[in-house]
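Heads up: the sequence shown begins at 61 in our numbering, then just goes up one per residue. Glycine is no exception: its CB is placed at the ideal position from the N, C-alpha and C atoms.
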Amino acid sequence: MKRIKDISRRDFIKNSTFITGAATGAGLFVGKNPELEAATSTDETSTKRTTALAQCPYCGVGCGTVIVSENGKIVSMRPDKDHPTNYGLQCIKGLTAAEPIYVDRMEGDAYVRKDVWAEWNKPGHGNMEYISKTKNAFGDELFDRVPYKVASDMVAHKVAHFAKKYGGNSIALYGSGQLTMEGQYLENLFMKGVLGSNTIEANARMCMTSAVTGYFATLGSDTPPLAYEDLELSDMVMHFGHNARESHPIIYWRIADHKKKTDIPTVIVDPRWTGSSQGYADINPKNHVHVPILNGDISFLNSMAHVLLKDHDDVIDWEFLKAHVTGWKDYIKEVKNNYSPEQVQDRMGSDKVTPKMIRDIAGTFADATRMRLKRSKMDQKGDGHGGVIIMWGIGYNQHIHGQHNVISIINLLTLTGNLAKPGCGPFSMTGQPNAMGERFTGGLTGRLPFNQPLKNAKHRKHMAKHWGVPEKNLIAAMNSDNRGMAIGMMERANKGEIKAMFLVYATHIDLPDQHNLVRPGLMKSFNVVQEIYRHAPNNLFADVIFPAATWGEVDGVYISSERRINICQAGGTPPPGCLPDMDMVIDKGKEIADLLGLDGNKIFPWGKNKHGFYDAEQVFRSIVEASAGSDTDLTGMLEVEKVDGTGLYQQLIDLRGVQWPAPTYSIAKAGGSKRRYMNQEGVWKNRPYGYFRTKDGKVHMKLCKQDYSQREEITKKLMEFGVKKDHYVIDNMDIIKKARDMALTPDLPDEKHRGKKWADIPKDKYPYWLGLGVVYEHFHTAKSNRSPTTRRLVPEQYVEMHPDDAAALGIKDGDQVRLITRRGHYQARAQVGTNSIVRPARNSVPPGYLFSPWNLSVADSADPKKNKWLVNAVSSRVFDPVSGQVDFKKLACRIEKV
Ligand code: SF4
Numbered sequence: 061m062k063r064i065k066d067i068s069r070r071d072f073i074k075n076s077t078f079i080t081g082a083a084t085g086a087g088l089f090v091g092k093n094p095e096l097e098a099a100t101s102t103d104e105t106s107t108k109r110t111t112a113l114a115q116c117p118y119c120g121v122g123c124g125t126v127i128v129s130e131n132g133k134i135v136s137m138r139p140d141k142d143h144p145t146n147y148g149l150q151c152i153k154g155l156t157a158a159e160p161i162y163v164d165r166m167e168g169d170a171y172v173r174k175d176v177w178a179e180w181n182k183p184g185h186g187n188m189e190y191i192s193k194t195k196n197a198f199g200d201e202l203f204d205r206v207p208y209k210v211a212s213d214m215v216a217h218k219v220a221h222f223a224k225k226y227g228g229n230s231i232a233l234y235g236s237g238q239l240t241m242e243g244q245y246l247e248n249l250f251m252k253g254v255l256g257s258n259t260i261e262a263n264a265r266m267c268m269t270s271a272v273t274g275y276f277a278t279l280g281s282d283t284p285p286l287a288y289e290d291l292e293l294s295d296m297v298m299h300f301g302h303n304a305r306e307s308h309p310i311i312y313w314r315i316a317d318h319k320k321k322t323d324i325p326t327v328i329v330d331p332r333w334t335g336s337s338q339g340y341a342d343i344n345p346k347n348h349v350h351v352p353i354l355n356g357d358i359s360f361l362n363s364m365a366h367v368l369l370k371d372h373d374d375v376i377d378w379e380f381l382k383a384h385v386t387g388w389k390d391y392i393k394e395v396k397n398n399y400s401p402e403q404v405q406d407r408m409g410s411d412k413v414t415p416k417m418i419r420d421i422a423g424t425f426a427d428a429t430r431m432r433l434k435r436s437k438m439d440q441k442g443d444g445h446g447g448v449i450i451m452w453g454i455g456y457n458q459h460i461h462g463q464h465n466v467i468s469i470i471n472l473l474t475l476t477g478n479l480a481k482p483g484c485g486p487f488s489m490t491g492q493p494n495a496m497g498e499r500f501t502g503g504l505t506g507r508l509p510f511n512q513p514l515k516n517a518k519h520r521k522h523m524a525k526h527w528g529v530p531e532k533n534l535i536a537a538m539n540s541d542n543r544g545m546a547i548g549m550m551e552r553a554n555k556g557e558i559k560a561m562f563l564v565y566a567t568h569i570d571l572p573d574q575h576n577l578v579r580p581g582l583m584k585s586f587n588v589v590q591e592i593y594r595h596a597p598n599n600l601f602a603d604v605i606f607p608a609a610t611w612g613e614v615d616g617v618y619i620s621s622e623r624r625i626n627i628c629q630a631g632g633t634p635p636p637g638c639l640p641d642m643d644m645v646i647d648k649g650k651e652i653a654d655l656l657g658l659d660g661n662k663i664f665p666w667g668k669n670k671h672g673f674y675d676a677e678q679v680f681r682s683i684v685e686a687s688a689g690s691d692t693d694l695t696g697m698l699e700v701e702k703v704d705g706t707g708l709y710q711q712l713i714d715l716r717g718v719q720w721p722a723p724t725y726s727i728a729k730a731g732g733s734k735r736r737y738m739n740q741e742g743v744w745k746n747r748p749y750g751y752f753r754t755k756d757g758k759v760h761m762k763l764c765k766q767d768y769s770q771r772e773e774i775t776k777k778l779m780e781f782g783v784k785k786d787h788y789v790i791d792n793m794d795i796i797k798k799a800r801d802m803a804l805t806p807d808l809p810d811e812k813h814r815g816k817k818w819a820d821i822p823k824d825k826y827p828y829w830l831g832l833g834v835v836y837e838h839f840h841t842a843k844s845n846r847s848p849t850t851r852r853l854v855p856e857q858y859v860e861m862h863p864d865d866a867a868a869l870g871i872k873d874g875d876q877v878r879l880i881t882r883r884g885h886y887q888a889r890a891q892v893g894t895n896s897i898v899r900p901a902r903n904s905v906p907p908g909y910l911f912s913p914w915n916l917s918v919a920d921s922a923d924p925k926k927n928k929w930l931v932n933a934v935s936s937r938v939f940d941p942v943s944g945q946v947d948f949k950k951l952a953c954r955i956e957k958v
């Protein structure tokens, strides 16, 4: 693939000044960036500076960034001023993304545990099922360095052995929303097509799958229907469990800017008063409302529907309901009877959320909907824009009733016609930069690429043919049980059902209940890790480690939260021996396919580029071709290539991304489909559905209930997981389904022990709520805490506490404390109130609630085994039975001074 042209130091400095204008507005001509088209360097110095275009490697906003490299080494980032997501702005994480790339980096030969290597070198390779006895430790003395090909060959033989003896489903893969889409696609092909395994999971499971399954249940497609530019068309924005200012800064700044210009009302539903609420209130405190609900979101949304039906009947879109929706009659009956603001008070979790507050917010919602109606001359079918957008982030998805949370948002928007029009609708924001790619390529249990399940026989045949694999492998995957998804995979590892596990560009520490679930599971399987850092948690449990290339060093694409497929070019050269993850999947896939009697070269036919890596654009072409006729059809890009001669990656460069679907020449040429449904994606011959993607082409409304009448007795059972030995959720699905249907929490605090000094609280009592989440300066757990800039800004693990709780417990600001749940503990510094000496001190928790970020989980020690900050030591494994997501926000904890 052609890289962005070299530029001279003189041009670079000149043009850097040009770009420092930061936000340059929407009028720029995309694709004509003089900075990127400058002449090749004629500088006498030996520094060869190059630039490449990419999507930022961090959050799901997907800002365009320019990677600057010197002599093949990445040295800095600059915001892409021509990218329609960020127009020359980026947050601190994106701007410093170059810093952690070479810190603590692994390179050279593969690492193989000494005892594993010794066993393999015995006659006949000894015990093929041998796994290391030295796991839970990492150090040079524990590993032999083995050439890549030799180690890869050993892995292939062992995995093929397990697959033949125990079946393909005994092999697991934990992948990543940070891997390129091409890599994700090939992982899925390898696991399902070659091995016939259904045990493929990814960190996207803990991030967005409640949104995925919520969209499927209602709209029939995993499709965020909006584009970012809808934010600037809206008349009201609500956020649920979404501290957007910290988790998706550029999007937050766009909404805040819109609020400043047009004074739209904003609502944030979150137990904490966050920087997001503060920012909106700073713009106009009179039209921003903070709703400090704890777990009562479903009741709150149903209650808003109740008020709208009773008091604002004019904004109910009766015609739309009758023509394009099912289930609405039952929904209306139920919310009218059982969800008045007075009836839901027991589920709000805060006496601040009063019936009056709910009525006022419903009134504001109605007014915003009326503004849209006014623009379309009071005709719900009119072409006016605006109305209400409801956004949510991973916190809202992370509930044992996460899917029901999402359905409840879509119910309310459907009821009022705030759907399938510009400027209104549901908008989920992903955490991972390419979680959308994982969803697109179906790299999860039960899924195939292009929004289709394994059980769709027609699509299964199509994919088997396109992949060149026997259909029986996909049928085997479909019939293989991985009912608990990511958590089930780990529970099955504990039971000895998982024989080998690949960990690719994902860390196990993002999973809950580390000490009772995840790490014991990893001790039992043969683990193959692809990793960039020497001191990474996965290395503790690896039998084999392959040093990997990372973002910025590999070609491929990412998909942002608005369905925009962005180019990610290789800007730097990987250190010696570090291969792209995709290449390692292909190499192993080929060899294992051959060992299983398939033709590896036929299944993985792709050639290499001039840098010696597999050509990612060829894989992308294969994806585009296979998408023909699907809900995510991209074949218009092939038409553009045919007619205009512009290659596929070049189209992504010129347009700064294409929003899927792009099924025709004209749609692809215009940058894809901005919005979805009701023909908004344009005229699309053979479009495979009606107005919506469900079988009947309608939105499926379904009332989701919340009922606390049996809360204590059910939650008591949930609190046994992670405590009782050999007690698995996958063997007790009925209890989590019941908890989901009543919209409960995984834990319940012993509230009557609040108000005591910490030393007086009995050791078996857990009086406080604890939530885990994100902090602005860091992204997840791997990279940003290795970046000196962001590390300096937020250097250590902390826990936010309310001043009243701190006083009652006898804990002072800055004290070192230990947070303890039934399942484990971690250490943090007490950050009491927003005047704390402990950074960042920008959010306020309500009394009885504590909060820590995940991001610094392994930042306290170079040896992750010794780290004291691992927050997922305390979390619960209980998950949503459909989406597989767990609740990291409502844990019962005790706090002690260290
Ligand atoms: S972290 Fe997110 S908001 Fe910040 S620059 Fe990257 S993509 Fe943009």
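For this session: Could you tell me which residues DSSP pairs with Asn626 in its beta bridges?
Result: Here residue 626 is taken as the residue at index 566 of the sequence shown, counted from 1. According to DSSP, which records beta bridges pairwise, Asn626 is partnered with Tyr618.
For this session: Compute the minimum distance between the beta carbon of Val466 and the heavy atoms of the ligand SF4, and state whether it is under 7 Å.
Result: What you label residue 466 is simply residue 406 of the sequence shown in a count that begins at 1. It does not: the Cβ of Val466 is nowhere closer than 7 Å to a heavy atom of the ligand SF4.
For this session: Within its chain, find whatever has a CB closer than 8 Å to the CB of Arg883; leave out the 5 residues flanking it on each side and keep chain order.
Result: As a position in the sequence shown, residue 883 is number 823, starting the count at 1. Close CB contacts of Arg883 within its chain, under the 8 Å cut and outside five residues either way in sequence, are with Asp573, His575, Asn576, Gly782, Val783, Ala933, Val934, Ser935, Ser936 (chain order).
Exercise. Under three-state DSSP, which class holds Lys957?
Worked result: The sequence position of residue 957 within the sequence shown is 897, counting from 1. DSSP places Lys957 in strand when its eight states are reduced to three.
For this session: Take the Cβ of Trp611 as the centre, count every other Cβ of all protein chains shown within 10 Å, and call the residue buried at 16 or more, exposed below.
Result: One-based indexing of the sequence shown puts residue 611 at position 551. So Trp611 counts as buried.
Problem set entry | Inter-residue Cα distance where the pair is Thr894 and Lys521 | By 1-based counting over the sequence shown, the position of residue 894 is 834. By 1-based counting over the sequence shown, the position of residue 521 is 461. So the alpha carbons of these two residues sit roughly 58 Å apart.
For this session: Please determine, among Gly581, Lys776, Glu613, His595, the residue with the shortest C-alpha to C-alpha distance to Thr841.
Result: Here residue 841 is taken as the residue at index 781 of the sequence shown, counted from 1. Comparing Cα-Cα distances from Thr841 to each of Gly581, Lys776, Glu613, His595, the minimum goes to His595.
For this session: With a threshold of 16 other CB atoms inside 10 Å of the CB of Pro331, please say whether the residue is buried or exposed.
Result: Locating residue 331 in the sequence shown gives position 271, where the first residue counts as 1. Buried.
For this session: With a threshold of 7 Å, establish whether the CB of Gln492 neighbours any heavy atom of the ligand SF4.
Result: Residue numbering aside, residue 492 sits at position 432 when the sequence shown is read from its first letter. Not so, every heavy atom of the ligand SF4 lies at least 7 Å from the Cβ.
Problem set entry | Pairwise C-alpha distance: Met431 and Val942 | Here residue 942 is taken as the residue at index 882 of the sequence shown, counted from 1. Here residue 431 is taken as the residue at index 371 of the sequence shown, counted from 1. Taking the straight line joining both Cα atoms gives about 37 Å.
Exercise. Which residues bound the beta strand (DSSP E) around Thr110?
Worked result: Residue numbering aside, residue 110 sits at position 50 when the sequence shown is read from its first letter. Its beta strand (DSSP E) spans residues 109-115.
Exercise. From Ser307, Met738, Thr474, pick the residue whose C-alpha is nearest to that of Trp452; which is it?
Worked result: The residue given as residue 452 occupies position 392 in the sequence shown. Of the candidates Ser307, Met738, Thr474, the one whose C-alpha sits nearest the C-alpha of Trp452 is Ser307.
For this session: Under the assumption that Ala722 contacts Gly707 (Cβ atoms under 8 Å), give the Cβ distance between them as a whole number of angstroms.
Result: Residue numbering aside, residue 722 sits at position 662 when the sequence shown is read from its first letter. Residue numbering aside, residue 707 sits at position 647 when the sequence shown is read from its first letter. The Cβ separation is near 15 Å, so there is no contact.
For this session: Just list the alpha helix (DSSP H) runs in the stretch 230-316, keeping only unbroken ones of 4 residues or longer that don't cross its boundaries, in chain order.
Result: The qualifying runs are 241-248, 269-279, 304-307.
For this session: Could you name each continuous alpha helix (DSSP H) segment of 4 residues or more that falls completely within the stretch 638-668, going from the start of the chain to the end?
Result: 641-655, 660-663
Problem set entry | Gln238: CB within 7 Å of a non-hydrogen atom of the ligand SF4 | By 1-based counting over the sequence shown, the position of residue 238 is 178. Outside the cutoff, so no.
Exercise. Does the ligand SF4 have even one heavy atom less than 7 Å from the beta-carbon of Pro309?
Worked result: To locate residue 309, count along the sequence shown from 1; it is residue 249. True, at least one ligand heavy atom lies under 7 Å from that Cβ.
Exercise. Given that a residue counts as buried once 16 or more other Cβ atoms are within 10 Å of its Cβ, and exposed if not, what is Asp691?
Worked result: Locating residue 691 in the sequence shown gives position 631, where the first residue counts as 1. It is buried - the Cβ of Asp691 has at least 16 other Cβ atoms within 10 Å.
Exercise. In terms of residues, what are the limits of the alpha helix (DSSP H) holding Ala560?
Worked result: Working through the sequence shown from its first residue, we reach residue 560 at position 500. Per DSSP, Ala560 belongs to no alpha helix (DSSP H); it is in the beta strand (DSSP E), 560-564.
Exercise. Which residue or residues does DSSP assign as beta-bridge partners of Tyr886?
Worked result: Residue mapping note: residue 886 aligns to position 826 of the sequence shown, counting from 1. In DSSP, Tyr886 forms a bridge with Leu879.
For this session: Could you please give me the residues that DSSP links to Val385 through a beta bridge?
Result: Translated into the one-based positions of the sequence shown, residue 385 becomes position 325. Its beta-bridge partners are Val759.
Exercise. Is it the case that the CB of Gln150 approaches a heavy atom of the ligand SF4 more closely than 7 Å?
Worked result: Taking the first residue of the sequence shown as 1, we reach residue 150 at position 90. Using a cutoff of 7 Å, the CB of Gln150 counts as near the ligand SF4, since one of the ligand's heavy atoms is closer than that.
Exercise. Which residues in the same chain have their Cβ closer than 6 Å to the Cβ of Phe839, if we skip the five residues on either side of it in sequence?
Worked result: On the sequence shown, position 779 is the one that residue 839 refers to. So the list reads Tyr118, Lys153, once near-sequence residues are dropped.
Problem set entry | Residue of Cys953, Ser917, Lys224, Leu361 minimising C-alpha distance to Arg846 | Position 786 of the sequence shown, counting from 1, holds the residue named residue 846. For Arg846, the closest alpha carbon among the candidates Cys953, Ser917, Lys224, Leu361 is that of Ser917.
Exercise. CB His862 to CB Val905, shorter than 8 Å?
Worked result: As a working note, residue 862 is residue 802 in the sequence shown. As a working note, residue 905 is residue 845 in the sequence shown. Yes, these two residues count as a Cβ contact at 8 Å.
Exercise. Under 7 Å from any heavy atom of the ligand SF4, does the C-beta of Lys141 make it?
Worked result: For the purposes of this step, residue 141 is taken as residue 81 along the sequence shown, with counting starting at 1. Lys141: no, Cβ never under 7 Å from the ligand SF4.
Exercise. Which residues share a DSSP beta bridge with Phe606?
Worked result: Position 546 of the sequence shown, counted from the start, is the residue given in the question as residue 606. Its beta-bridge partners are Gln590.
Exercise. Does the Cβ-Cβ distance between Pro827 and Arg954 come in under 8 Å?
Worked result: In the sequence shown, the residue the question calls residue 827 occupies position 767. In the sequence shown, the residue the question calls residue 954 occupies position 894. Result yes, Cβ atoms of Pro827 and Arg954 sit closer than 8 Å.
Problem set entry | Residue from Asn494, Val859, Val327 whose Cα sits closest to the Cα of His299 | The count along the sequence shown starts at 1 and reaches residue 299 at position 239. Cα-wise, what sits closest to His299 is Val327.
Exercise. Using the C-alpha atoms, what's the distance from His459 back to Gln945?
Worked result: Position 885 of the sequence shown, counted from the first residue, corresponds to residue 945. Position 399 of the sequence shown, counted from the first residue, corresponds to residue 459. So the two alpha carbons sit approximately 7 Å from each other.
For this session: Mind the definition here: the stretch 409-429 touches the stretch 352-359 only if three or more C-beta pairs lie below 8 Å; say whether that holds.
Result: yes
Exercise. Expressed to the nearest angstrom, what Euclidean distance is found between the alpha-carbon atoms of Tyr737 and Asp282?
Worked result: Translated into positions along the sequence shown, residue 737 becomes position 677. Translated into positions along the sequence shown, residue 282 becomes position 222. Roughly 12 Å between the two C-alpha positions.
Exercise. Does the Cβ of Tyr312 have 16 or more other Cβ atoms within 10 Å, making it buried, or fewer, making it exposed?
Worked result: In the sequence shown, the residue the question calls residue 312 occupies position 252. With 16 or more Cβ atoms within 10 Å of its Cβ, Tyr312 is classed as buried.
Exercise. When every heavy atom of the ligand MN is checked, does at least one fall within less than 7 Å of the C-beta of Gly253?
Worked result: For the structure depicted, the ligand MN is absent and the ligand set comprises only the ligand SF4.
Exercise. Considering only the beta carbon of each residue, do Ile310 and Cys151 sit closer than 8 Å?
Worked result: Here residue 310 corresponds to residue number 250 of the sequence shown, with the count starting at 1. Here residue 151 corresponds to residue number 91 of the sequence shown, with the count starting at 1. A contact, by the Cβ cut-off of 8 Å.
Exercise. Which two residues bound the contiguous alpha helix (DSSP H) that contains Leu582?
Worked result: As a position in the sequence shown, residue 582 is number 522, starting the count at 1. Segment 579-584, the alpha helix (DSSP H) holding Leu582.
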